[in-house]
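Okay, structure first, notes after.
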Amino acid sequence: MNRKTVSILTFICLLLLLCFTWLFWQSQTKISQAESEAVKLVEYDYPVKSVKRFYWVTIDQTYFSLFFEDKDGQERYAIIARDGGKAQYYTPNDIISEEDAISIAKGDVNPHKILQARLGIMDDKPVWEVTFKNANGTLTYYYLNATNGEWIEKIENI
Numbered sequence: 000m001n002r003k004t005v006s007i008l009t010f011i012c013l014l015l016l017l018c019f020t021w022l023f024w025q026s027q028t029k030i031s032q033a034e035s036e037a038v039k040l041v042e043y044d045y046p047v048k049s050v051k052r053f054y055w056v057t058i059d060q061t062y063f064s065l066f067f068e069d070k071d072g073q074e075r076y077a078i079i080a081r082d083g084g085k086a087q088y089y090t091p092n093d094i095i096s097e098e099d100a101i102s103i104a105k106g107d108v109n110p111h112k113i114l115q116a117r118l119g120i121m122d123d124k125p126v127w128e129v130t131f132k133n134a135n136g137t138l139t140y141y142y143l144n145a146t147n148g149e150w151i152e153k154i155e156n157i
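Dropping the structure here:
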């Protein structure tokens, strides 16, 4: 290859890298903005010392959830409806943890690979949506009641 070809290929690779970096940055901006707005809404009720986890889930509508520590050191969960901004608050004593939800799903279904667990609301009750990939490559959504860990619904073969 001559010098001109190498220069053109280098330029194309650099351009592709910049495009992919910009796309990644754009996708992360939406998540950061949603988390920031959720924290601002929660701070009307509880001063947030630190956010431990942020969840974004769409079940029948979209919810933003935070697992956070308030200024008194108390851990809390907040589930905020995207439309209207209504927030519901829970302590770790009120609902099961993300780790427990994943363990229950593993015990009930024996999934191939757990992808994520997210906290939201279904029928006015807090739920954990555990998403996993099956051995055949399809997705399954497994919904658990977040207050007692009971199975609610399973959507398979997506």
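The sequence shown begins at 0 in numbering that gives the first Met the number 0 and counts up by one. Heads up, the beta-carbon is just placed ideally off N, CA and C, and yes, glycines get one too. Since the model is a prediction, treat every value here as computed from it, not as a measurement.
Over what stretch of residues does the alpha helix (DSSP H) that includes D59 continue unbroken?
-> From DSSP, D59 is part of no alpha helix (DSSP H); its letter is neither H nor E.
Can you give the Cα-Cα distance for T9 and I113, rounded to whole angstroms?
-> 38 Å
Decide yes or no for the touch test of the region 128 to 137 against the region 102 to 111: beta carbon pairs closer than 8 Å, at least 3 of them.
-> yes
Going by beta carbon distance, what residues of the same chain come within less than 7 Å of T103, once the five residues before and after it are set aside?
-> Residue identity check: residue 103 is Ile in the sequence provided, not Thr. These residues qualify, in order along the chain: L143 and G148.
Label P125 either buried or exposed according to how many other C-beta atoms from any shown protein chain fall within 10 Å of its C-beta, with 16 as the threshold for buried.
-> buried
Host beta strand (DSSP E) of I94 (start-end) | Taken as a continuous stretch (DSSP letters only), I94 belongs to no beta strand (DSSP E), as it is neither H nor E.
Helix, strand or coil for R81, going by three-state DSSP, please let me know.
-> coil
Have a look at Y45 and S6 and give me their C-alpha separation to the nearest angstrom.
-> 56 Å
Where the alpha helix (DSSP H) containing T3 begins and where it ends = The sequence shown places Lys at residue 3, not Thr. Run containing K3: R2 to V41, per the alpha helix (DSSP H) assignment.
Closest by C-alpha distance to I54, when choosing among W127, Y140, T137 and M121 = Here residue 54 turns out to be Tyr, not Ile, going by the sequence shown. Looking at the Cα atoms, W127 is the closest of the given residues.
Leaving out five residues before and five after Y209 in sequence, what residues of the same chain have Cβ atoms less than 7 Å from its Cβ?
-> Limits of the chain in this structure are 0 at one end and 157 at the other, which puts residue 209 out of reach.
N-terminal and C-terminal residue of the beta strand (DSSP E) that P125 is part of | K124 to K132
How about L65 and A33: do their beta carbons lie closer than 8 Å?
-> no
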